[in-house]
Each structure stands twice: as C-alpha cells, then as structure tokens.
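Chemist: Structure provided below as structure tokens; questions to follow.
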Amino acid sequence: MGSSDTSSSDFFCRRHVFLCYKNPAVWPPRIEAAEFDCLPRLLHAAINARKPHTKKETCLTICEGHDGTETSNGDVLIFPDMIRYRRLTHFDVEIFVEEVLVKEGNWLPGNPESLKASYVFVCSHGSRDRRCGVFGPILSVDSGKR
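Heads up: the sequence shown at position 111 corresponds to 111 in full-length UniProt numbering, and the numbers run straight through without jumps.
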C-alpha cells in the first residue's frame, strides 16, 4: 500500500455500519436527501449528531435489503465488529446509535448476532456515480456465480 494520507476518506473509518435497505434503484444520490425514506435519513442524521461522542470514526453505507433473507430491510451490519442487528426502525434510531455506537453496548430489544461469513460489497448506486450504476450490477451478478 502507498503512504498517501487517507484520513479524510471513508476508507479510514474504524467502524463501518451498513444499513440493509431496499435496492439501488430507489436510493437518491445522498443519504441525507429529503426525498429519501426516513430510516436511512434518520440513521445518517443520528450518527452525524453523535459523532463527537463516539470512540470510533463511523461511516454509514446503505446496502441492498430483501425481507426474509440474510440482509433483510432494516438489518444493520457492523464491521469490523462482525455483528448484525435485525429490524431497526425509524422509531429506534436514536437509542440504537446511543447504545451501540456511542456507549458500545448492546441494543435492546435487538439481539446482536455474530457474522461468520465473508462479505464483499459492490457499489451499484447509479444515481450517485454512473460507473457504479453500470459496472456494479454486472460485478454483483458475476460474483454471485462463483
């Protein structure tokens, strides 16, 4: 790896939170956009508001969610902790951020589940970056065949 400074990039995050939510076709270019559904928007706002109180630099990313799967809508995956919380709703966002990301404890009513598998995230977000919207879905389908 090179010695370039990445301190201002998302790659330097010490904790990465993935919110499983719908699919790339409905995502706006930015999470904080007013037209975005309230769960992702509120989680983004809560993480930013509590940023000075967290011990770890935390980045939020939205990933595709399909109800009834390993990544159902509202599931939260936290790396490198390798933890999943299921069924976060917009009603629970503030307490979730406080208990899990600020206090680094557990969120009740959620049960933290250990993640055992390896995860590869491929950006398919066409409304933010055309390259991702074109190549991301192709890479996702191709990698799913392996």
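C-beta: ideal position from N, C-alpha, C; glycine also.
Does the beta-carbon of T58 have 16 or more other beta-carbons within 10 angstroms, so that it is buried, or is it exposed?
Modeler: Classification of T58: buried, given that the 10 Å Cβ count is 16 or more.
Chemist: Who are the Cβ neighbours of C38 in its own chain at under 7 Å, not counting the five residues just before and after it?
Modeler: Cβ within range, chain order: H90.
Chemist: For F18 and P28, which I take to be in contact (beta-carbon distance under 8 Å), what is that distance rounded to the nearest angstrom?
Modeler: F18 to P28, Cβ: 17 Å. No contact.
Chemist: Does the segment 45 to 57 come close enough to the segment 93 to 100 to have 3 or more Cβ pairs within less than 8 Å?
Modeler: Enough Cβ pairs lie closer than 8 Å, so yes.
Chemist: Just to confirm the assignment, what range does the alpha helix (DSSP H) spanning H44 have?
Modeler: From DSSP, the alpha helix (DSSP H) with H44 extends over 38 to 50.
Chemist: May I have the straight-line CA-CA distance separating G74 from I62, to the nearest angstrom?
Modeler: Computed Cα separation, rounded: 10 Å.
Chemist: With distance defined between alpha-carbon atoms, name the residue in G105, C20, P24, N111 nearest to Y85.
Modeler: The shortest Cα separation from Y85 among G105, C20, P24, N111 belongs to N111.
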